[in-house]
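In my numbering, the protein residues as written are 136 to 507.
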């Protein structure tokens, strides 16, 4: 059985005080944000189907938001596993409910001629959230350190979603929750449903309230390894293009996916996203990418782009990643005592007026509302 439901939530209300990680643009939750996180956690414990996998952005506010649910779910898992034998010692929480820290759903920073703040490395996060994170998990997708255009953000999120869905399919998980940021919440709605508005900045399609919960259910006939009803040749979203893949038999494909899921992804396997730095001129030459540091000892390296354009565009036109998904709930806040708060929407590309080297084609003059 493959993945059936994806729950998507945005982090809670954030503070302007210095972050525990010491990283700019990595704030902690306010007291109100912590209350929201606890209310979200209680709600997530009661959803159907129950959540079997947890993914989060590596930024502190997202991990802090998902922590109440993750702790409660892990405690429930360990207690239920030992309930059959009262004399048995307490069992550790299931590895399946450890939080998988995935940079592919991290914050969006606009394209710029400088490196944006990176989230804290895994060993720092493990110290801040002891026994909560999946230490064996390695990043699937790495955002470019110099930011992205709005279009590149959607492609990055589509690739991350495809990797998450594929892994959950291979592991037989029915439901997963993803805790992320406002821009990624909206982008996830678009790449899962396959609906990309003509006016990306002005569209009011997917909500992104603090701790709001969106629910996406897989379309009928779009189970793991199958094509959605409205998919043409080339099929189901990211990673579904190419004649060789189309001719692969279902048993072979399933066996390959299962084998891949059993092998922890190494940092070398993480796919860097983005092919051009602001201010660069497209000349037809191969564009080099800069791999951001994945772990504290890893050095940045240049690699060729490994993301063919047709593969990250395959979700568009109503197809959606992984066969397509139906939005059943759009940033629902009915379980939050404060209701809908701090909504967010795109207002254009991020701009950096103090850095004229950024090309006008990459970064327009419009500014977005705050997302902290």
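Note that the Cβ used here is the ideal one computed from N, Cα and C, for glycine as well.
Nearest candidate by alpha-carbon position, reference residue i, set the options
| i | options | result |
| --- | --- | --- |
| residue 268 | 198, 174, 456 and 467 | 198 |
| residue 455 | 305, 300, 327 and 186 | 327 |
| residue 245 | 150, 284 and 260 | 284 |
| residue 304 | 241, 205, 472 and 141 | 141 |
| residue 282 | 310, 295, 247 and 261 | 247 |
| residue 466 | 145, 136 and 137 | 145 |
| residue 259 | 178, 275 and 194 | 194 |
| residue 478 | 266, 276 and 342 | 342 |
| residue 538 | 315, 160 and 306 | Any answer about residue 538 is impossible in this case: the structure gives the chain only from 136 up to 507. |
| residue 280 | 243, 294 and 266 | 243 |
| residue 235 | 298, 286 and 166 | 298 |
| residue 481 | 230, 325 and 263 | 325 |
| residue 335 | 287, 356, 349 and 311 | 287 |
| residue 155 | 264, 276 and 170 | 264 |
| residue 261 | 331, 339, 275 and 233 | 233 |
| residue 463 | 183, 351, 209 and 476 | 351 |
| residue 484 | 337, 453, 457 and 475 | 337 |
| residue 200 | 136, 148, 211 and 210 | 148 |
| residue 452 | 163, 345, 310 and 331 | 331 |
| residue 347 | 202, 208, 473 and 207 | 473 |
| residue 355 | 185, 461 and 475 | 461 |
| residue 196 | 311, 208, 158 and 340 | 158 |
Neighbour-count burial assignment, residue i, 16 or more Cβ in a 10 Å radius
| i | result |
| --- | --- |
| residue 376 | In this prediction, residue 376 scores a pLDDT of 33, lower than 50, which makes its location untrustworthy; the coordinate-derived value is nonetheless stated afterwards. Answer is buried; the Cβ neighbour count reaches 16. |
| residue 308 | buried |
| residue 270 | exposed |
| residue 290 | buried |
| residue 151 | exposed |
| residue 161 | buried |
| residue 317 | buried |
| residue 257 | buried |
| residue 367 | With a pLDDT of 35 at residue 367, under the threshold of 50, the predicted position of this residue should be treated as unreliable, though the coordinate-derived value follows. Classification of residue 367: exposed, given that the 10 Å Cβ count is below 16. |
| residue 166 | exposed |
| residue 168 | buried |
| residue 153 | exposed |
| residue 469 | exposed |
| residue 349 | buried |
| residue 181 | exposed |
| residue 183 | exposed |
| residue 230 | exposed |
| residue 208 | buried |
Anticipated Cβ contact below 8 Å, residue i with residue j, distance rounded
| i | j | result |
| --- | --- | --- |
| residue 292 | residue 250 | The Cβ separation is near 20 Å, so there is no contact. |
| residue 254 | residue 241 | 6 Å |
| residue 179 | residue 353 | Wrong, their Cβ atoms sit about 19 Å apart, outside the cutoff. |
| residue 239 | residue 295 | 3 Å |
| residue 459 | residue 329 | 6 Å |
| residue 313 | residue 143 | 5 Å |
| residue 310 | residue 185 | 6 Å |
Do three or more CB pairs link the segment 169–176 to the segment 185–192 at distances below 8 Å? no
Runs of 4 residues minimum, wholly inside the segment 279–346: which ones carry the alpha helix (DSSP H) assignment? 285–306 and 317–328
Quick check on the DSSP output: what are the complete alpha helix (DSSP H) runs of length 4 or more inside the segment 238–268, in order along the chain? 257–263
Pick out the complete alpha helix (DSSP H) segments inside the segment 165–198, 4 residues or longer, and give them in chain order. 166–179
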